[in-house]
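Undergrad: Protein sequences appear in the order of chains A and G. The numbering of the first sequence is this note's numbering, which starts it at 242 and goes up by one. The numbering of the second sequence is this note's numbering, which starts it at 242 and goes up by one. Sending over a structure as structure tokens; questions will come in a sec.
Protein chains: 2
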Amino acid sequence: MNKTDARSTENNTFWKGYPEIESGLDSVSRRMHEIVNSGNFPLAEAVEKLINANGKMLRPAFMLLSGRFGRQPKDLSDLAAALELLHVATLIHDDIIDEAGTRRGVPTIHSVHGVKGAVLAGDWLFSRSFRLASSSSSPANARLLAALVGALCSEEIHQDLDRYRWPRSERNYLRKISGKTAALFALSLRAGAVETKAAPRHVMALTRIGWATGMAFQIIDDVLDFESTEGVLGKPVAADMRDGLCTLPLIIALKKVPEKIEAYLGNEKLCNDGIEKVLAAVNSCGALKEARACAGIYTARAMQELGHLPKGKAKEELHDIIKQLLSRHN
Amino acid sequence: MNKTDARSTENNTFWKGYPEIESGLDSVSRRMHEIVNSGNFPLAEAVEKLINANGKMLRPAFMLLSGRFGRQPKDLSDLAAALELLHVATLIHDDIIDEAGTRRGVPTIHSVHGVKGAVLAGDWLFSRSFRLASSSSSPANARLLAALVGALCSEEIHQDLDRYRWPRSERNYLRKISGKTAALFALSLRAGAVETKAAPRHVMALTRIGWATGMAFQIIDDVLDFESTEGVLGKPVAADMRDGLCTLPLIIALKKVPEKIEAYLGNEKLCNDGIEKVLAAVNSCGALKEARACAGIYTARAMQELGHLPKGKAKEELHDIIKQLLSRHN
Numbered sequence: 242m243n244k245t246d247a248r249s250t251e252n253n254t255f256w257k258g259y260p261e262i263e264s265g266l267d268s269v270s271r272r273m274h275e276i277v278n279s280g281n282f283p284l285a286e287a288v289e290k291l292i293n294a295n296g297k298m299l300r301p302a303f304m305l306l307s308g309r310f311g312r313q314p315k316d317l318s319d320l321a322a323a324l325e326l327l328h329v330a331t332l333i334h335d336d337i338i339d340e341a342g343t344r345r346g347v348p349t350i351h352s353v354h355g356v357k358g359a360v361l362a363g364d365w366l367f368s369r370s371f372r373l374a375s376s377s378s379s380p381a382n383a384r385l386l387a388a389l390v391g392a393l394c395s396e397e398i399h400q401d402l403d404r405y406r407w408p409r410s411e412r413n414y415l416r417k418i419s420g421k422t423a424a425l426f427a428l429s430l431r432a433g434a435v436e437t438k439a440a441p442r443h444v445m446a447l448t449r450i451g452w453a454t455g456m457a458f459q460i461i462d463d464v465l466d467f468e469s470t471e472g473v474l475g476k477p478v479a480a481d482m483r484d485g486l487c488t489l490p491l492i493i494a495l496k497k498v499p500e501k502i503e504a505y506l507g508n509e510k511l512c513n514d515g516i517e518k519v520l521a522a523v524n525s526c527g528a529l530k531e532a533r534a535c536a537g538i539y540t541a542r543a544m545q546e547l548g549h550l551p552k553g554k555a556k557e558e559l560h561d562i563i564k565q566l567l568s569r570h571n
Numbered sequence: 242m243n244k245t246d247a248r249s250t251e252n253n254t255f256w257k258g259y260p261e262i263e264s265g266l267d268s269v270s271r272r273m274h275e276i277v278n279s280g281n282f283p284l285a286e287a288v289e290k291l292i293n294a295n296g297k298m299l300r301p302a303f304m305l306l307s308g309r310f311g312r313q314p315k316d317l318s319d320l321a322a323a324l325e326l327l328h329v330a331t332l333i334h335d336d337i338i339d340e341a342g343t344r345r346g347v348p349t350i351h352s353v354h355g356v357k358g359a360v361l362a363g364d365w366l367f368s369r370s371f372r373l374a375s376s377s378s379s380p381a382n383a384r385l386l387a388a389l390v391g392a393l394c395s396e397e398i399h400q401d402l403d404r405y406r407w408p409r410s411e412r413n414y415l416r417k418i419s420g421k422t423a424a425l426f427a428l429s430l431r432a433g434a435v436e437t438k439a440a441p442r443h444v445m446a447l448t449r450i451g452w453a454t455g456m457a458f459q460i461i462d463d464v465l466d467f468e469s470t471e472g473v474l475g476k477p478v479a480a481d482m483r484d485g486l487c488t489l490p491l492i493i494a495l496k497k498v499p500e501k502i503e504a505y506l507g508n509e510k511l512c513n514d515g516i517e518k519v520l521a522a523v524n525s526c527g528a529l530k531e532a533r534a535c536a537g538i539y540t541a542r543a544m545q546e547l548g549h550l551p552k553g554k555a556k557e558e559l560h561d562i563i564k565q566l567l568s569r570h571n
């Protein structure tokens, strides 16, 4: 089994039943591998491993899907590969920052090749991604891609400055995830439509669907962080809270039962006892249910916007995927 | 005195006598400051400080100069600012890698805001730079810019893998500096000419001038690293050698007087006694003179290519600047 196959097989679970997306993602994977292996980059093999271990390829899948709403079909493999390479580059740099030892079961580049290797591997991937975007897309989309990276970095630093500043407000939290996950999902669903010259109202609807889906997706992710166990997500329960980050469930719980939580939240890492107490409080006060309800509002918004898209197989598939994505429980 | 003035004043020393370049660089500085201060980036102030402390702005100056050979004059401030921001981004990441405490007298972002801040500040500048390049230049130049970053990262990693591998060959050394300094100088002199639609033969000549100038410039830099004292360059004598890097003077000396050097070069940092012994050997065997002669070959090549440019003030200024740059002794 070659490397590309390894990746596609892993993706099969999620994309089973969507043969068009599946074969599209195979092309994207192939392009990613070609690009990483071109140009004699010394750490290509390490980057390959990370790409192979990478997940569902949601962002490129959304881009390919949105390209099916256009009036001038176009091969979007290159732009989708650029988007995913950008994502991988940010993962590599995130792992330096979080001092993570593994990512999806694979040792991080940072842990094997040191900070130096990881900084440069990320930079190199950025450059490959931008180069690919500026060859394969309209200047407008290349700009969008670049702007997005800037916004993500800015958000990351804001988040870091906010670390251990409990409690955060719900509004701040929503602004943060709007600039991160939601912006990226919106771009993914927008770019394919723009490239294939979809009608402006469809471009608009797809952008909004992407944004609302991203909001819901991130909230659910943050709920799962509290619900899940180490085995499932590959990281400890409440990893965000352990890192001093205040996500929606904790923000809600802090409003409902402050007396059970506040004493444990200080300016540094929580003790194990504190984590257990806070976890119990978040679980018992109904905060997780409320957070899921908040995600539900964004899901409903996405579904409503779907109504503005033209009927057809692409719309049906987009509907099903969003539904599947936003009802996940692990 | 505002920040922009602080920067321009510092540049005055080198660009005195070139009012057109000077006023062009003022516009570039202004654009850089506008960009860094737009978008509410949390570490904007730290990046500002680095920009203010930054040097001659050689690369943007070259780009502006080459724009004067075109047939369709164009404001190149944005593209030149993109190029310089890219340069600043690589400096920020370099400082993480080298664990540098200061750069040109200013504390590095890494030392003040930690690895996290520096990784993200560099990424953010990359994105700003690419965004600016994709708005202000032809897609071809945006691609060139992106490709260049990739090449630089690749070279950096190769260099790191070669650390403490003495002796290196002259050919390897030349290939390395060709992919770094020379490629960047070539791009700077090429991009302005391409944007302003210079005649293809002039674009070609400018690219070659940039490349040869970059080669000579880097070799002289590496010679000065051995000749200079800590006060002048703001770093210790033979800083490269201390870091396990083998530059031209050392490569030449290793061929001429291996018996005086080899014993001191191991797999790790040289001891102080070793450094002094190797320095003495490099100085006394004539390696520095030979290295300067090698730079002279590239300088001559640059001067020869200058002959292919059309007569005029731009050509005269380019000639004078290259001469001034390649005859520097500190």
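Positions of the beta carbon are idealized from the N, C-alpha and C atoms, including for glycine.
So, using beta-carbon positions, are Trp573 (chain G) and Ala434 (chain G) closer together than 7 Å?
TA: The question about residue 573 (chain G) has no answer, for chain G in this structure spans 242 to 571.
Undergrad: Can you pull out the residues from the region 335-363 of chain A whose beta carbon lies closer than 7 Å to at least one beta carbon of chain G?
TA: For the region 335-363 of chain A, which is checked against every Cβ of chain G, the residues closer than 7 Å are Ile337, Ile338, Val356, Lys357, Gly358, Val360 and Leu361.
Undergrad: Applying a beta-carbon distance threshold of less than 8 Å, which residues of chain G neighbour Arg384 (chain A)?
TA: Walking along the first sequence from the start, residue 384 (chain A) turns up at place 143. The answer, in chain order, is Arg372, Ser375 and Ser376.
Undergrad: At a Cβ threshold of 7 Å, is Gly391 (chain G) touching chain A?
TA: For this step, residue 391 (chain G) is matched to residue 150 along the second sequence. Yes - at least one Cβ of chain A is within 7 Å of the one on Gly391 (chain G).
Undergrad: Using the three-state DSSP reduction, which class does Thr343 (chain A) fall into: helix, strand or coil?
TA: In the first sequence, the residue the question calls residue 343 (chain A) occupies position 102. The answer is strand: DSSP assigns Thr343 (chain A) an E or B state.
Undergrad: Tell me whether Lys510 (chain A) is buried or exposed, calling it buried when 16 or more other Cβ atoms sit within 10 Å of its Cβ.
TA: Position 269 of the first sequence, counted from the first residue, corresponds to residue 510 (chain A). It counts as exposed.
Undergrad: Determine, using beta carbons only, whether Pro499 (chain G) comes closer than 7 Å to chain A.
TA: By one-based count along the second sequence, residue 499 (chain G) stands at place 258. No, Pro499 (chain G) lies away from the interface with chain A (no Cβ there is under 7 Å from its Cβ).
Undergrad: For a quick check, are the C-beta atoms of Val368 (chain G) and Val390 (chain A) less than 7 Å apart?
TA: Translated into the one-based positions of the second sequence, residue 368 (chain G) becomes position 127. Translated into the one-based positions of the first sequence, residue 390 (chain A) becomes position 149. Here residue 368 (chain G) turns out to be Ser, not Val, going by the sequence shown. Yes; because the gap between Cβ atoms is below 7 Å, this pair is in contact.
Undergrad: Does the contact criterion of 3 or more C-beta pairs under 8 Å hold for the region 531-541 of chain A versus the region 451-465 of chain A?
TA: Taking 8 Å as the limit for Cβ pairs, the verdict is that the region 451-465 of chain A does touch the region 531-541 of chain A.
Undergrad: On a CA-only basis, which of A:Ala494, A:Val519 and A:Arg344 is nearest Ser410 (chain A)? Give me that one, please.
TA: As a position in the first sequence, residue 410 (chain A) is number 169, starting the count at 1. Nearest option by C-alpha distance: A:Ala494.
Undergrad: Between the beta-carbon of Ala362 (chain A) and the beta-carbon of Val288 (chain A), is there less than 7 Å?
TA: Along the first sequence, one-based indexing puts residue 362 (chain A) at 121. Along the first sequence, one-based indexing puts residue 288 (chain A) at 47. Closer than 7 Å, so yes.
Undergrad: Between which two residues does the alpha helix (DSSP H) holding Arg569 (chain A) run?
TA: Walking along the first sequence from the start, residue 569 (chain A) turns up at place 328. Segment: none, Arg569 (chain A) is in no alpha helix (DSSP H) and carries neither H nor E.
Undergrad: Which ranges does the alpha helix (DSSP H) cover as unbroken runs of at least 4 residues, wholly within the region 413-498 of chain A, from first to last along the chain?
TA: Within the region 413-498 of chain A, the complete alpha helix (DSSP H) runs of at least 4 residues are 424-436, 441-468, 471-474, 480-483 and 489-497.
Undergrad: Among the residues of its own chain, which have a CB less than 8 Å from the CB of Trp256 (chain A), if the five just before and after it don't count?
TA: Reading the first sequence from its first residue, position 15 is the one you call residue 256 (chain A). Cβ within range, chain order: Ile262, Glu263, Leu266, Lys297 and Ala302.
Undergrad: Let me know the secondary structure DSSP gives Pro260 (chain A) once reduced to three states.
TA: As a working note, residue 260 (chain A) is residue 19 in the first sequence. DSSP places Pro260 (chain A) in helix when its eight states are reduced to three.
Undergrad: Any C-beta of chain A within less than 8 Å: which residues of the region 274-294 of chain G qualify?
TA: Listed by position along the chain: Gly280, Asn281, Phe282, Pro283 and Leu284.
Undergrad: Considering only the beta carbon of each residue, do Ser590 (chain G) and Ala383 (chain A) sit closer than 7 Å?
TA: No answer is possible for residue 590 (chain G): it lies beyond the span of chain G, which begins at 242 and ends at 571.
Undergrad: At which residue ranges does the region 308-354 of chain G contain complete beta strand (DSSP E) runs of 3 or more residues, listed in the order of the chain?
TA: If we require 3 residues or more, the region 308-354 of chain G turns out to have no beta strand (DSSP E) run fully inside it.
Undergrad: Leaving aside the five residues before and after Met654 (chain G) along the sequence, list all residues of the same chain whose C-beta is less than 7 Å from its C-beta, in chain order.
TA: As displayed, chain G neither begins before 242 nor continues past 571, which places residue 654 (chain G) out of reach and without an answer.
Undergrad: Which stretch, first to last residue, makes up the alpha helix (DSSP H) that contains Met544 (chain G)?
TA: For this step, residue 544 (chain G) is matched to residue 303 along the second sequence. Its alpha helix (DSSP H) spans residues Ala528 to Leu547.
Undergrad: Counting along the chain, where does the alpha helix (DSSP H) carrying Gly553 (chain G) start and finish?
TA: Taking the second sequence and counting its residues from 1, the one referred to as residue 553 (chain G) is at position 312. Counting along the chain, Gly553 (chain G) falls outside any alpha helix (DSSP H), and DSSP gives it neither H nor E.
Undergrad: Let me know the secondary structure DSSP gives Ala522 (chain A) once reduced to three states.
TA: As a working mapping, residue 522 (chain A) is identified with position 281 in the first sequence. The answer is helix: DSSP assigns Ala522 (chain A) an H, G or I state.
Undergrad: Would you say the region 522-535 of chain A touches the region 439-447 of chain A, given that touching needs at least three Cβ pairs under 8 Å?
TA: No, the region 522-535 of chain A is not in contact with the region 439-447 of chain A.
Undergrad: Would you mind working out which of A:Leu291, A:Ala388 and A:Ile492 sits nearest Ala330 (chain A), comparing C-alpha positions?
TA: By one-based count along the first sequence, residue 330 (chain A) stands at place 89. Measuring from the Cα of Ala330 (chain A), the nearest candidate turns out to be A:Leu291.
Undergrad: So which residues on chain G does Arg309 (chain A) lean against when the C-beta distance must stay under 9 Å?
TA: Here residue 309 (chain A) refers to the residue found at position 68 when the first sequence is read from its first residue. The contacting residues do not exist; Arg309 (chain A) stays about 25 Å from chain G at best.
Undergrad: Tell me which same chain residues have a C-beta within less than 7 Å of the C-beta of Ile214 (chain G), skipping the five on either side of it?
TA: Here chain G comprises residues numbered 242 to 571, so residue 214 (chain G) is not present and cannot be evaluated.
Undergrad: Would a C-beta distance cut-off of 7 Å place Ser279 (chain A) and Leu320 (chain A) closer than the cut-off?
TA: For this step, residue 279 (chain A) is matched to residue 38 along the first sequence. For this step, residue 320 (chain A) is matched to residue 79 along the first sequence. Not in contact: Ser279 (chain A) and Leu320 (chain A) (Cβ atoms no closer than 7 Å).
Undergrad: Check each candidate in A:Ile333, A:Ala555, A:Gln400 and A:Glu558 and name the one with the smallest Cα separation from Phe282 (chain G).
TA: Taking the second sequence and counting its residues from 1, the one referred to as residue 282 (chain G) is at position 41. Comparing Cα-Cα distances from Phe282 (chain G) to each of A:Ile333, A:Ala555, A:Gln400 and A:Glu558, the minimum goes to A:Gln400.
Undergrad: In three-state terms, what does DSSP make of Lys297 (chain A)?
TA: Here the question's residue 297 (chain A) lines up with position 56 in the first sequence. Three-state DSSP puts Lys297 (chain A) in coil, outside helix and strand.
Undergrad: Would a check of beta-carbon distances place Arg369 (chain G) closer than 7 Å to chain A?
TA: Taking the first residue of the second sequence as position 1, residue 369 (chain G) is located at position 128. Closer than 7 Å to some Cβ of chain A, the Cβ of Arg369 (chain G) qualifies, so yes.
Undergrad: Using a Cβ-Cβ cut-off of 7 Å (strictly less than) and excluding sequence neighbours within five positions of Arg272 (chain A), which residues of its own chain qualify?
TA: On the first sequence, residue 272 (chain A) is found 31 positions in, with the first residue counted as 1. Correct list, in chain order: Ser318, Asp319 and Ala322.
Undergrad: Just to confirm, does Ala536 (chain A) get its C-beta within under 6 Å of one of the non-hydrogen atoms of the ligand SAM?
TA: In the structure shown, the ligand SAM is absent, as is every other ligand, since no ligand is present at all.
Undergrad: Express the C-alpha separation of Leu327 (chain G) and Asn508 (chain G) in angstroms, rounding to a whole number.
TA: Counting from 1 along the second sequence, the entry for residue 508 (chain G) is found at position 267. Counting from 1 along the second sequence, the entry for residue 327 (chain G) is found at position 86. The alpha-carbon atoms of Asn508 (chain G) and Leu327 (chain G) are separated by roughly 33 Å.
Undergrad: Could you pull out every residue in the same chain whose Cβ sits closer than 7 Å to the Cβ of Leu393 (chain G), ignoring the five residues on either side in sequence?
TA: Indexing the second sequence from 1 puts residue 393 (chain G) at position 152. If we look at Leu393 (chain G) and ignore the five residues flanking it on each side, its Cβ neighbours are Thr331 and Lys421.
Undergrad: I'd like to know whether the C-beta of Ser568 (chain A) is nearer than 7 Å to at least one C-beta of chain C.
TA: Among the protein chains of the structure shown, namely A and G, there is no chain C.
Undergrad: Any C-beta of chain G sitting closer than 7 Å to the C-beta of Ala427 (chain A)?
TA: What you label residue 427 (chain A) is simply residue 186 of the first sequence in a count that begins at 1. No, Ala427 (chain A) lies away from the interface with chain G (no Cβ there is under 7 Å from its Cβ).
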